[in-house]
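Student: Chains A and B supply the protein sequences, listed in that same order. Numbering-wise, the numbering used here comes out as the position in the first sequence, counting from 1, plus 1. Numbering-wise, the numbering used here comes out as the position in the second sequence, counting from 1, plus 1.
Protein chains: 2
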Amino acid sequence: MPGHRKRVPKPYRQVHQLAFSPLLFQAAMAARRTGVLAAVHASRAEGVVPEEVAARAGVSRYAARVLLEGCLALELVALEGGRYRLTDAGQLWLFDPMVNVNASFVQDVCYAGASRLEDSLRTGRPAGLSVFGPWSTIYEGLTALPPGVQDSWFAFDHFYSDAAFPLVFPRVFEPRPRRLLDVGGNTGKWALYCLRRDPDVEVAVLDHPGQLDRLRHNAIAAGLEARLHTVPIDLLDHGRAFPGGFDVVWMSQLLDCFGEPDIARLLERGAAALAPGGRIHILEAFWDRQANEVGELILQGLSLYFSCMANGTSRMYHSQDFLDLIASAGLQLESDEPIGTNHTLLTCVTSGSP
Amino acid sequence: MPGHRKRVPKPYRQVHQLAFSPLLFQAAMAARRTGVLAAVHASRAEGVVPEEVAARAGVSRYAARVLLEGCLALELVALEGGRYRLTDAGQLWLFDPMVNVNASFVQDVCYAGASRLEDSLRTGRPAGLSVFGPWSTIYEGLTALPPGVQDSWFAFDHFYSDAAFPLVFPRVFEPRPRRLLDVGGNTGKWALYCLRRDPDVEVAVLDHPGQLDRLRHNAIAAGLEARLHTVPIDLLDHGRAFPGGFDVVWMSQLLDCFGEPDIARLLERGAAALAPGGRIHILEAFWDRQANEVGELILQGLSLYFSCMANGTSRMYHSQDFLDLIASAGLQLESDEPIGTNHTLLTCVTSGSP
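1. Three-state secondary structure (DSSP) at Tyr85 of chain B?
2. Take Arg290 of chain A and list the residues in its own chain whose beta-carbon comes closer than 6 angstroms to its own, dropping the five residues that flank it on each side.
3. Can you find at least 3 beta carbon pairs, one from the stretch 248–256 of chain A and one from the stretch 270–285 of chain A, that sit closer than 8 angstroms?
4. Near Ala65 of chain A, what residues of its chain come up, given a Cβ to Cβ distance below 7 angstroms and the 5 sequence neighbours on each side ignored?
5. Count the other C-beta atoms from every protein chain shown that fall within 10 angstroms of the C-beta of Gly129 of chain B, then say buried if there are 16 or more, exposed otherwise.
6. State yes or no: is the beta carbon of Asp158 of chain A nearer than 8 angstroms to at least one beta carbon in chain B?
7. So if DSSP puts Arg280 of chain B in a beta bridge, which residue, or which two residues, is it bridged to?
8. Starting from the N-terminal side, write out each stretch of the alpha helix (DSSP H) that is 4 residues or longer and does not extend beyond the stretch 127–158 of chain A.
9. Using the beta-carbon of each residue, which ones in chain B are nearer than 9 angstroms to Thr35 of chain A?
10. Would you mind telling me which residues of chain B sit closer than 7 angstroms to Gly134 of chain A, beta carbon to beta carbon, in chain order?
11. Please look up how many angstroms separate the CB atoms of Val169 of chain A and Gly186 of chain A, rounded, as I've assumed it's under 8 angstroms.
12. Along chain A, which residues have their Cβ under 8 angstroms away from the Cβ of Trp94 of chain B?
13. Does any CB atom of chain B fall closer than 8 angstroms to the CB of Glu89 of chain A?
14. So what does DSSP say about Val202 of chain A, is it helix, strand or coil?
15. Is there a Cβ from chain B that is less than 8 angstroms from the Cβ of Phe323 of chain A?
16. Name the residue from A:Ala113, A:Pro339, A:Cys349 and A:Gly125 whose alpha carbon lies nearest to the alpha carbon of Ile327 of chain A.
17. So which residues of chain A does Thr138 of chain B contact, with C-beta pairs closer than 8 angstroms?
18. Ordered along the chain, which non-local residues of its own chain (more than five positions away) have a Cβ less than 8 angstroms from that of Glu335 of chain B?
19. Compute the minimum distance between the beta carbon of Gln321 of chain A and the heavy atoms of the ligand ADP, and state whether it is under 7 angstroms.
20. Express the C-alpha separation of Gly302 of chain B and Leu196 of chain A in angstroms, rounding to a whole number.
21. Kindly give me the distance between the Cβ atoms of Val49 of chain A and Arg14 of chain A, rounded to whole angstroms, as I take these residues to be in contact under 8 angstroms.
22. Excluding five sequence neighbours on each side, which residues of the same chain lie with their C-beta closer than 8 angstroms to the C-beta of Phe155 of chain A?
23. In chain order, what residues of the same chain have a beta carbon less than 8 angstroms from the beta carbon of His42 of chain A, not counting five sequence neighbours either side?
24. Is Pro210 of chain A near Pro178 of chain A, with beta carbons less than 8 angstroms apart?
25. Starting from Glu47 of chain A, trace the alpha helix (DSSP H) in both directions and tell me its first and last residue.
26. Look up Gln291 of chain A in the DSSP assignment and say whether it is helix, strand or coil.
27. How many angstroms separate the CA atom of Ile340 of chain A from the CA atom of Tyr161 of chain A?
28. Going by the CB atoms, is the gap between Leu75 of chain A and Leu68 of chain B shorter than 8 angstroms?
29. If we define contact as Cβ-Cβ less than 8 angstroms, is Pro98 of chain A a contact residue for chain B?
30. Could you check the C-alpha separation between Val102 of chain A and Leu229 of chain B for me, to the nearest Å?
31. Can you give me the start and stop residues for the alpha helix (DSSP H) that Cys349 of chain A sits inside?
32. Under 8 angstroms, CB to CB, which of the residues in the stretch 26–57 of chain B have a partner in chain A?
33. Measure how close the beta-carbons of Pro147 of chain B and Met310 of chain B come, nearest whole angstrom, since I'm counting them as under 8 angstroms.
34. Chain B partners of Tyr13 of chain A, CB-CB under 9 angstroms?
35. DSSP three-state label for Ala273 of chain A, please.
36. Could you tell me if Arg45 of chain A is buried or exposed, where buried requires 16 or more neighbouring beta carbons within 10 angstroms of its beta carbon?
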């Protein structure tokens, strides 16, 4: 009887669960995707026996039992008198949108390649990316990833940025910038947001050609293409200057995709693209600036994706890393503001600014 | 400052950690294998900065930071004033032999194939096994697995059985059995144990030819081959009778490798192999009979290995499943004894026995 057993010290359970965590993760994913957990949820407080779960989810009795027992180990379900019921954690695993976006991103984008993490860290290259293609960074191949993988990637990326844009837009547009340069603007979420809300602004977007094709398609669909300019570029080609004369250089969830030496060069190239009196806005999530330890955990986990899948050199940063890089690039920090629960907006001007 | 932050409710953290668990598992493995955690351990209570960890472990500063931050998310290390130190969980992750055996088994044998868990459960076949070879069960290919994978498999298998053998041997040999049939005897750990300790017993082992070749090699090296008999057999070929006339039929960590219909047939074939007055001994780990919740968690995790890698049909069982199967096979349970902290010895006789 579990109730009569000796409890083990917490760290002991913690490391044993860690040792089995890839198998248990797969059980939790399969239990959600097969409907096994939904069948437990449907039983509410009465609970349900494995045979009923199997019947409701349309899986074998064997599959239902294996998945229920895996979820029991994870405490997503509890077992009493032979009947399973959903725990609070099980509810969150089934229904919390952030948990779902993260879990699908990890499963679809990261799981297979993550086994190459150690190689990636030893070589400084994203060794896991070879499961999808021969690219040196994931950004080159983003629009060529298998459709399900791509969906999970973009859903993850947009989930975090979408919430920040409405909060940050008024601050960036308060001085009525006429020309905005969106560095690494991806498929255009921010660019289209700005074009839609400010009828006069002109936006130029720098990114890989695949992403820009999709952006242009999205802009035409929204009738916003007239004030949009796209410039295909490899951002790592530091010999190539950005176009110039911008009131705002915008770098959102961009610089964390680069290692520190490249960030320094990108800041310099961004500064050179400013019109007199212009500003660089950097929107980032720093792991030391999170409202709670879940935000911190997500960013520390995400760094591992950068190592093994994205580029082998970048990570989610500590805010001090960025403050140091900004100073080294000869920029002045004009403001440093929290945006929602996850993001920070750093606004920089060139030293020559008034 | 972490200390000033709002703590989130436990289930919330739990599911977010679960969503990132494959990446975090890889970070924990890489932190151990690269020496990053050993470098933190060496710093004892003073703690250590990432730059020193990188230098001691011979990895880049980037690799040290990414791995330390991943281990921070897992609470294997703690960070205070810029210095990392090992937690109690980190100590266990580095040094606990059971945790190490389990984690290497999961990484080397299970990780890649586990992504096929859902397919496996939908088809009743170990879909993940295709990462290693075209076999229908892992037992067919065991001695053809890549060497590192094989080492982790056998280390795992032996870790649990080795501890049980000295405890169980006196009970099985108290009536001085002359002929013992070891069903699925693998590479001979138990057979050689018996031959070494009882100078008169004859042991016959049934298993796949690859395992028996290795067993014979081990027996010759130990000078114990004279009283050893090996019979190559596919245990799933239920039309084929076992050899007969044995005082003991031994099934150790065997029946969990089969689905319930096959277990029923194996029990019948085992019963038919008994001499009058003989006994079937079943040594198993049941998840409801564990001394603590860690034992239960390990067995529930291990069931997932059976689903996606081993055979697609078996799992670690609840003791009641076995008591029901024994009764259905027309056997009588003579005794039911705990062995150490993990195992149970079920001793059965045929209904016709005195």
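Beta carbons: idealized from backbone N, C-alpha and C, even for Gly. This one's a predicted model, so the numbers in the text were calculated from it and none came from an experiment.
Tutor: On the basis of the data shown:
1. As a working mapping, residue 85 of chain B is identified with position 84 in the second sequence. Strand.
2. The residue given as residue 290 of chain A occupies position 289 in the first sequence. Here the set comprises Ser320 and Thr345.
3. With the cut-off at 8 angstroms, the stretch 248–256 of chain A and the stretch 270–285 of chain A touch.
4. Position 64 of the first sequence, counting from 1, holds the residue named residue 65 of chain A. Excluding sequence neighbours, Ala65 of chain A sits near Val37, Pro51, Val54, Ala55 and Ala58.
5. Numbered from its first residue, the second sequence carries residue 129 of chain B at position 128. Classification of Gly129 of chain B: buried, given that the 10 Å Cβ count is 16 or more.
6. In the first sequence, counting from the first residue as 1, residue 158 of chain A sits at position 157. Judged by the 8 angstroms Cβ criterion, Asp158 of chain A is not in contact with chain B.
7. To locate residue 280 of chain B, count along the second sequence from 1; it is residue 279. DSSP output for Arg280 of chain B lists B:Val249 as bridge partner(s).
8. 139–142
9. One-based indexing of the first sequence puts residue 35 of chain A at position 34. By Cβ distance, chain B contributes Glu119, Leu122 and Arg123.
10. Locating residue 134 of chain A in the first sequence gives position 133, where the first residue counts as 1. The premise fails here: Gly134 of chain A is roughly 18 angstroms from chain B at the closest Cβ pair, so nothing lies under 7 angstroms.
11. Stepping through the first sequence from its first residue, residue 169 of chain A is reached at position 168. Stepping through the first sequence from its first residue, residue 186 of chain A is reached at position 185. Not confirmed; about 15 angstroms, so no contact.
12. What you label residue 94 of chain B is simply residue 93 of the second sequence in a count that begins at 1. Correct list: Val16 and Leu19.
13. Taking the first residue of the first sequence as 1, we reach residue 89 of chain A at position 88. Here residue 89 of chain A is Asp; the residue named in the question, Glu, does not match the sequence. For Asp89 of chain A, the answer is yes, since a Cβ of chain B falls inside 8 angstroms of its Cβ.
14. Within the first sequence, residue 202 of chain A is the residue found at index 201, counting from 1. The answer is coil: DSSP assigns Val202 of chain A none of H, G, I, E or B.
15. Along the first sequence, one-based indexing puts residue 323 of chain A at 322. No, because no Cβ of chain B sits closer than 8 angstroms to the Cβ of Phe323 of chain A.
16. Taking the first residue of the first sequence as 1, we reach residue 327 of chain A at position 326. With distances taken between Cα atoms, Ile327 of chain A lies closest to A:Cys349.
17. The residue you call residue 138 of chain B lines up with position 137 of the second sequence. By Cβ distance, chain A contributes nothing, its closest Cβ being about 15 angstroms from Thr138 of chain B, past 8 angstroms.
18. On the second sequence, residue 335 of chain B is found 334 positions in, with the first residue counted as 1. These residues qualify, in order along the chain: Arg280, Thr348, Cys349 and Val350.
19. Here there are no bound small molecules, and the ligand ADP is not part of this structure.
20. Along the first sequence, one-based indexing puts residue 196 of chain A at 195. Along the second sequence, one-based indexing puts residue 302 of chain B at 301. Distance between the alpha carbons of Leu196 of chain A and Gly302 of chain B: 51 angstroms.
21. Residue mapping note: residue 49 of chain A aligns to position 48 of the first sequence, counting from 1. Residue mapping note: residue 14 of chain A aligns to position 13 of the first sequence, counting from 1. With 8 angstroms as the limit, Val49 of chain A and Arg14 of chain A do not qualify as a contact, their Cβ atoms being about 26 angstroms apart.
22. Residue numbering aside, residue 155 of chain A sits at position 154 when the first sequence is read from its first letter. Thr188.
23. Locating residue 42 of chain A in the first sequence gives position 41, where the first residue counts as 1. So the qualifying residues of the chain are Leu87, Gly91, Gln92 and Leu95.
24. If you number the first sequence from 1, residue 210 of chain A lands on position 209. If you number the first sequence from 1, residue 178 of chain A lands on position 177. When the beta-carbon positions are compared, Pro210 of chain A and Pro178 of chain A stay at least 8 angstroms from each other.
25. As a working mapping, residue 47 of chain A is identified with position 46 in the first sequence. Run containing Glu47 of chain A: none; DSSP gives neither H nor E here.
26. Position 290 of the first sequence, counted from the first residue, corresponds to residue 291 of chain A. Note: Gln291 of chain A maps to coil in three-state DSSP.
27. The residue given as residue 340 of chain A occupies position 339 in the first sequence. The residue given as residue 161 of chain A occupies position 160 in the first sequence. Their backbone Cα atoms lie some 11 angstroms apart in a straight line.
28. Position 67 of the second sequence holds residue 68 of chain B. Position 74 of the first sequence holds residue 75 of chain A. It is not a contact, given that the beta carbons lie outside the stated cut-off.
29. As a working note, residue 98 of chain A is residue 97 in the first sequence. No, because no Cβ of chain B sits closer than 8 angstroms to the Cβ of Pro98 of chain A.
30. Sequence index remark: in the first sequence, residue 102 of chain A carries index 101 (1-based). Sequence index remark: in the second sequence, residue 229 of chain B carries index 228 (1-based). Near 57 angstroms, if we compare the C-alpha coordinates of Leu229 of chain B and Val102 of chain A.
31. As a first step, residue 349 of chain A must be located in the first sequence, where it is residue number 348. Here Cys349 of chain A belongs to no alpha helix (DSSP H); instead the beta strand (DSSP E) covers His344 to Thr351.
32. Phe26, Gln27, Ala28, Ala29, Met30, Ala31, Arg34 and Thr35
33. Locating residue 147 of chain B in the second sequence gives position 146, where the first residue counts as 1. Locating residue 310 of chain B in the second sequence gives position 309, where the first residue counts as 1. With 8 angstroms as the limit, Pro147 of chain B and Met310 of chain B do not qualify as a contact, their Cβ atoms being about 14 angstroms apart.
34. Working through the first sequence from its first residue, we reach residue 13 of chain A at position 12. Here the neighbours are Asp89, Ala90, Leu93, Asp97, Val100, Asn293 and Val295.
35. For this step, residue 273 of chain A is matched to residue 272 along the first sequence. The answer is helix: DSSP assigns Ala273 of chain A an H, G or I state.
36. Stepping through the first sequence from its first residue, residue 45 of chain A is reached at position 44. Per the 10 Å Cβ criterion, exposed.
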